[in-house]
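Residue numbers (my numbering), protein chains in the order written: chain A, 53 to 272; chain B, 53 to 272.
Below you can see the structure in the form of structure tokens.
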């Protein structure tokens, strides 16, 4: 993942252009930081958007769901997908409603969806998704059963174009609003894992792996 | 907001039906808890999804952006919108990859978008959005200038149908996977405001309002 995505009609950022980026490193960093993608497709001429787990391998995003799930069938059938991953980093309190805003990291991807059908390709794609959401976990678990793989629908979206948009920092107020005795600044918002909670079925002496423990307290 | 949304082809939850809800109270609770909506529209026959701030008033969602922003013009032009708000609550570590999942609160809304054009209607809608993201803040700020209102595009989406999907609790493993000496449980994920950070322009003795202070540490 190096170089820039071509900027075209679909992925060009038109508002707040100074916050836009088209380089693969920035796009990949945000995709790798997020956990849920909002995947949109067209069905019968109308828009549908569905939140999905995902994983990235180079310029390809992998998505999964039940093989029979509507979103899997729509992606399989419709082809074109637009996917957004956004992490909210805070509220920006300016001295006017107009200048108030949010801090965020956001990526929008446009691409072609295709069904991943061969069982070994599916397994590889599911590994990518699993490593993204639960790094190291799959190595602890038994291999997937063939019927589990068959019941799982896997979609690959080859990224045709993408853009990132990043907003950070403090309010940018108009000069004329600065004498008002109103507080201005930022209220950060954090998405963070807390502490592992075992279920009632964990056997005596069975501890979470180091990989799982390393996720505790982690900020996305 | 009482009663159920009618269940039809668009909003019926087909996978994990036991996690679905169609009552307005549940839908409203999740919409009111979230901060960013993923708004999808069809443009030139292809899907587009954009993250947007929003606010809810009864069965109407309000969205805003620059008046000239592409998403505002697309919503104005295309009419149909599908909007999802998802809050991720944790990763669910089961003893198989297949049974592993996430905990979440999610709402999907289908509706008709229309431009809000009259300045006083715009102002009311912007108040709804502002109160949703920054409760109490607008009362501290000067009224919007007319040119600010004109530069802001406001869209109302009248909710035609909606569904909620909520997943909570511990892994549901297959019986045959339970003798493996693998840890199982949940790693909660929290979206939380931290502490207010003033900018360099806050005057001596100017403190954040009680409404702002009340947001510190708040979990979404």
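We treat Cβ as the ideally placed atom computed from N, Cα and C, and that holds for glycine.
Taking 9 Å as the CB-CB cut-off, is residue i touching chain A?
i	result
residue 69 of chain B	no
residue 160 of chain B	yes
residue 122 of chain B	yes
residue 113 of chain B	no
residue 229 of chain B	yes
residue 258 of chain B	yes
residue 177 of chain B	no
residue 198 of chain B	no
residue 78 of chain B	no
When you compare each of the options to residue i by their alpha carbons, which one comes out closest?
i	options	result
residue 214 of chain A	A:74, A:70 and A:221	A:74
residue 122 of chain B	A:101, A:66 and A:83	A:66
residue 240 of chain A	A:91, A:247, A:69 and A:153	A:153
residue 180 of chain A	A:147, A:148, A:258 and A:110	A:110
residue 228 of chain B	B:126, B:77, B:151 and B:79	B:151
residue 54 of chain B	B:168, B:199, B:79 and B:104	B:79
residue 77 of chain A	A:176, A:108, A:225 and A:96	A:108
residue 58 of chain B	B:162, B:119 and B:116	B:162
residue 267 of chain B	B:202, B:105, B:243 and B:196	B:243
residue 131 of chain B	A:132, A:131, A:134 and A:99	A:99
Using 9 Å as the limit for Cβ to Cβ distance, is residue i near chain B?
i	result
residue 101 of chain A	yes
residue 32 of chain A	Chain A is shown from 53 up to 272; residue 32 of chain A falls before or after that span and cannot be answered.
residue 214 of chain A	no
residue 174 of chain A	no
residue 90 of chain A	yes
residue 152 of chain A	yes
residue 73 of chain A	no
residue 254 of chain A	yes
residue 167 of chain A	no
residue 82 of chain A	no
residue 170 of chain A	no
residue 268 of chain A	yes
residue 54 of chain A	no
Kindly list, in the order they appear in chain B, the residues whose Cβ is closer than 7 Å to that of residue i.
i	result
residue 251 of chain A	222, 223, 236 and 237
residue 118 of chain A	67
residue 185 of chain A	143
Mapping the DSSP letters down to three states, classify residue i as helix, strand or coil.
i	result
residue 136 of chain B	strand
residue 155 of chain A	strand
residue 197 of chain B	coil
residue 224 of chain B	coil
residue 178 of chain B	helix
residue 118 of chain A	strand
residue 100 of chain B	strand
residue 128 of chain B	helix
residue 108 of chain B	strand
residue 147 of chain A	coil
residue 79 of chain B	helix
residue 190 of chain B	helix
For residue i, return the contacting residues in chain B, with the cut-off set at a CB-CB distance below 9 Å.
i	result
residue 157 of chain A	Within 9 Å Cβ-Cβ: nothing; residue 157 of chain A doesn't reach chain B, min ~11 Å.
residue 138 of chain A	88, 90 and 103
residue 194 of chain A	147, 148, 149, 229, 232 and 234
residue 219 of chain A	Those within 9 Å of residue 219 of chain A in chain B number zero; the least Cβ separation is about 11 Å.
Starting from the beta carbon of residue i, find every residue of chain A whose beta carbon is closer than 9 Å, and list them in chain order.
i	result
residue 244 of chain B	241, 242, 243 and 244
residue 97 of chain B	94, 97 and 132
Is the shortest distance between the beta-carbon of residue i and the beta-carbons of chain C less than 9 Å?
i	result
residue 129 of chain A	In the displayed structure, chain C is absent; the protein chains listed are A and B.
Residue i versus chain B: which residues are under 8 Å apart at the beta carbon?
i	result
residue 190 of chain A	149
Problem - the segment 241-259 of chain B in contact with the segment 227-247 of chain A per 3-pair CB rule at 8 Å - result: They touch, by the three-pair rule.
Practice task
Tell me, please, whether the segment 178-198 of chain B touches the segment 137-156 of chain A by the rule of three or more beta-carbon pairs shorter than 8 Å.
Solution key: Yes: the two stretches touch, three or more of their Cβ pairs being nearer than 8 Å.
Handout entry: Three or more C-beta pairs below 8 Å linking the segment 205-212 of chain A and the segment 165-182 of chain B
Key = No, the segment 205-212 of chain A is not in contact with the segment 165-182 of chain B.
Exercise for the section: Evaluate contact between the segment 126-141 of chain A and the segment 89-104 of chain A, counting only Cβ atoms and requiring at least three cross-stretch pairs below 8 Å. Expected result: The segment 126-141 of chain A and the segment 89-104 of chain A touch, with no fewer than 3 CB-CB distances between them shorter than 8 Å.
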